[in-house]
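If you read the sequence shown in numbering that gives the first Met the number 0, its first letter stands for residue 0, the second for the next number, and so on.
Ideal Cβ placement from N, Cα and C applies to all residues, glycine included.
Worksheet: one structure, shown below.
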Amino acid sequence: MRCQSGQDTEHQVQLKGAVHYFRDNRGFHRLFNLMIKKYKGLGRVGGSVTLKNPTDQEREALSLFLGRDLTGRMSVTVSLETFTEALNQTKYSGIGFNELLDEYVGRDVLTRVEEQEVYRSRKALFFRELATKHDSEYGRLWLEHIQSSGPGTRGIHLAFDTVDDYDGCVFEVTLSESRLKGLDTVNHPLLVSVRDRIRSVRKAGYQEGLVGSLVDDIKRCFTYSCPSN
0 MRCQSGQDTE
10 HQVQLKGAVH
20 YFRDNRGFHR
30 LFNLMIKKYK
40 GLGRVGGSVT
50 LKNPTDQERE
60 ALSLFLGRDL
70 TGRMSVTVSL
80 ETFTEALNQT
90 KYSGIGFNEL
100 LDEYVGRDVL
110 TRVEEQEVYR
120 SRKALFFREL
130 ATKHDSEYGR
140 LWLEHIQSSG
150 PGTRGIHLAF
160 DTVDDYDGCV
170 FEVTLSESRL
180 KGLDTVNHPL
190 LVSVRDRIRS
200 VRKAGYQEGL
210 VGSLVDDIKR
220 CFTYSCPSN
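If you want it as structure tokens, here you go:
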């Protein structure tokens with residue numbers, strides 16, 4: 000979450016109290032989910048969200064918080080600015096909308112633009128680090144080909160997007176398999192062996208025990224230089 004100084008202890012207690020209040024009251028849960036989605040998409044505190052078919056619990060909670068009679072309403076529209084203004088009329092006055100969302104979620108709530116910037120930076124850093132580990136000429140050219148989204152690299156980018164451990168075995172296997180497909184004409188015993196084992200590991204669902212002994216051979220393949228024509 001965004002950094003706070005040690006002098007903000009009283010404010011932090013107030014913030015945690017507000018989060019407990021909204022988390023403990025189920026009448027606010029759907030509203031917060033909608034506001035988070037709106038903020039992430041809009042990129043600022045603005046716009047409105049609408050609760051369709053609100054429950055009695057939601058109508059009661061929002062009526063009390065907003066100071067409006069919502070009895071019998073089939074939909075309730077709340078602007079993010081209205082929510083912030085209502086918050087400032089409570090004992091939680093002074094708490095910012097962004098910090099409330101961050102504390103409510105338990106991490107910084109990033110806008111879509113911020114998420115894309117983080118994603119691009121993390122991906123660029125990953126490939127830079129990978130290039131330092133696999134620095135043969137052929138490996139360098141292949142990694143440049145991947146970064147430029149060249150033909151045959153879609154699966155690699157999908158692997159990066161879907162695995163949690165970006166430096167993990169599954170990505171190494173997927174990356175190496177794609178590279179080895181480009182070396183099908185090279186009859187090097189190591190490459191033939193690793194290609195066969197990669198197929199077996201994939202069929203077995205990348206089981207940890209099977210992948211472990213394969214990774215070292217895969218890394219050796221990265222340092223293998225293609226014979227010149």
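Using DSSP with H/G/I as helix, E/B as strand and the rest coil, what is L50? If you number the sequence shown from 1, residue 50 lands on position 51. L50: strand per DSSP, three-state reduction.
Under the three-state reduction of DSSP, which class applies to S147: helix, strand or coil? Taking the sequence shown and counting its residues from 1, the one referred to as residue 147 is at position 148. Correct three-state label for S147: coil.
Does the ligand ZN have even one heavy atom less than 7 Å from the beta-carbon of R25? The model depicted lacks the ligand ZN and carries no ligand whatsoever.
Is it the case that the Cβ atoms of L14 and E80 are separated by a distance below 8 Å? For the purposes of this step, residue 14 is taken as residue 15 along the sequence shown, with counting starting at 1. For the purposes of this step, residue 80 is taken as residue 81 along the sequence shown, with counting starting at 1. Contact flag unset, no.
Got a sec, what are the start and stop residues for the alpha helix (DSSP H) V12 sits in? Counting from 1 along the sequence shown, the entry for residue 12 is found at position 13. Where V12 is concerned, the enclosing alpha helix (DSSP H) stretches over T8 to D23.
Under 8 Å by Cβ, that's how I've got L50 and L30 pegged, so tell me the actual separation to the nearest angstrom. Along the sequence shown, read from residue 1 onward, the residue named residue 50 stands at position 51. Along the sequence shown, read from residue 1 onward, the residue named residue 30 stands at position 31. So it is a contact: roughly 6 Å between Cβ atoms.
Classification of E61 by the beta-carbon crowding that lies within 10 angstroms, buried from 16 upward: Position 62 of the sequence shown, counted from the first residue, corresponds to residue 61. Note that residue 61 is Leu in the sequence shown, not Glu. Its Cβ being crowded by 16 or more others within 10 Å, L61 is buried.
V12, buried or exposed, once every other Cβ within 10 Å from all chains shown has been counted against 16: Here residue 12 refers to the residue found at position 13 when the sequence shown is read from its first residue. Exposed, by the Cβ-count rule.
S62 - containing alpha helix (DSSP H), residue span: Sequence index remark: in the sequence shown, residue 62 carries index 63 (1-based). Per DSSP, S62 belongs to the alpha helix (DSSP H) from D55 to L65.
Would you mind working out which of D101, G105, N24 and T83 sits nearest Q56, comparing C-alpha positions? Start at 1 with the first residue of the sequence shown, and residue 56 comes out as number 57. Proximity to Q56 across D101, G105, N24 and T83 peaks at N24, based on C-alpha coordinates.
Quick check: V48 and E102, are their CB atoms within less than 8 Å of each other? Reading the sequence shown from its first residue, position 49 is the one you call residue 48. Reading the sequence shown from its first residue, position 103 is the one you call residue 102. Not closer than 8 Å, so no.
Which whole-angstrom value describes the C-beta separation of A85 and L109, a residue pair presumed to lie in contact below a C-beta threshold of 8 Å? On the sequence shown, position 86 is the one that residue 85 refers to. On the sequence shown, position 110 is the one that residue 109 refers to. About 25 Å separates the CB atoms of A85 and L109; that is not less than 8 Å, and the two are not in contact.
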